[in-house]
Amino acid sequence: MVIIVKLLDPKNDYVFKRIFGHTGNEEITKGLLQSIIPDKIDKIELDSNPITEKDLLDDKVGILDIKAKLNDGNVNCDIEMQVVDQKDIEKRILFYWSKMYIQTLRVGEDYETLKRCIVILITDYDLDKLKKIPEYVTKWKIREEKYSKLVLTNDLELYIISLEKAKNSTKNKKEELYNWLKFINNPKEVTRNGR
Numbered sequence: 008m009v010i011i012v013k014l015l016d017p018k019n020d021y022v023f024k025r026i027f028g029h030t031g032n033e034e035i036t037k038g039l040l041q042s043i044i045p046d047k048i049d050k051i052e053l054d055s056n057p058i059t060e061k062d063l064l065d066d067k068v069g070i071l072d073i074k075a076k077l078n079d080g081n082v083n084c085d086i087e088m089q090v091v092d093q094k095d096i097e098k099r100i101l102f103y104w105s106k107m108y109i110q111t112l113r114v115g116e117d118y119e120t121l122k123r124c125i126v127i128l129i130t131d132y133d134l135d136k137l138k139k140i141p142e143y144v145t146k147w148k149i150r151e152e153k154y155s156k157l158v159l160t161n162d163l164e165l166y167i168i169s170l171e172k173a174k175n176s177t178k179n180k181k182e183e184l185y186n187w188l189k190f191i192n193n194p195k196e197v198t199r200n201g202r
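Pasting the structure below:
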């Protein structure tokens, strides 16, 4: 008897959230994050309510795909999976970042207690502005224009990851992130040892 197992597409919004954002899957999410973020992740807590709070009645609410707190809440992380290019993603990820950042400060707290926030955007397409960059991962921070090595703060960090570029990449096929992206692109191609 032959048993055929149909795997669900990890790029599907619901499936992506169940794999990486579901309570009980912290180690899976930690594995993905650790392959992207160079900092050591000792502890991860998945937020079951990824909706950003409103400050005013007419504020827009942001619904994050996956919200996680890393290392006892010292770092907040939003992981977004975007399949369709809606031409507004740069502004949307900054909006999500800003809402997440604001929520790390409570009434009466000093601004120095604001927590570092990271947004990881995984796209199934190439952003127009990044088409000429060959790497499938780009990392963004607030930098001084003339002195580009000077970072204003580490509190804002954005990673943009192109599944399309990873699929066509000829380098770094042994790195852990490449294997995660290969799984997200096509879980049937990944064997038990991840290769």
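Residue numbers (my numbering): 8 to 202. By construction, the Cβ of each residue, glycine as well, lies at the ideal position given by its N, Cα and C atoms.
Notebook entry, point to check: What is the DSSP secondary structure of S169, reduced to helix, strand or coil?
Noted result: strand
Item checked: Proximity of Y166 and L128 at Cβ, strictly below 8 Å -> yes
Note to self: Check whether the region 184-199 and the region 158-175 are in contact - that is, three or more C-beta pairs closer than 8 Å.
What the structure shows: yes
Check: Excluding sequence positions up to five away, which residues of its chain have a Cβ less than 6 Å from the Cβ of E183?
Finding: S42
Check: According to the Cβ coordinates, are C124 and Y108 closer than 8 Å?
Finding: yes
Check: Per DSSP, E87 forms a beta bridge with which residues?
Finding: L128
Check: Given 8 Å as the limit, is there contact between the region 71-85 and the region 31-49, that is, 3 or more CB pairs closer than that?
Finding: yes
Next item on the list: Please list, in chain order, all residues of the same chain as R150 whose beta carbon is under 8 Å from its beta carbon, the five residues on each side excluded.
Entry: K156, L157, V158, L159
Next item on the list: Using alpha carbons as the reference points, say which of L188, E164, L163 lies closest to N175.
Entry: L188
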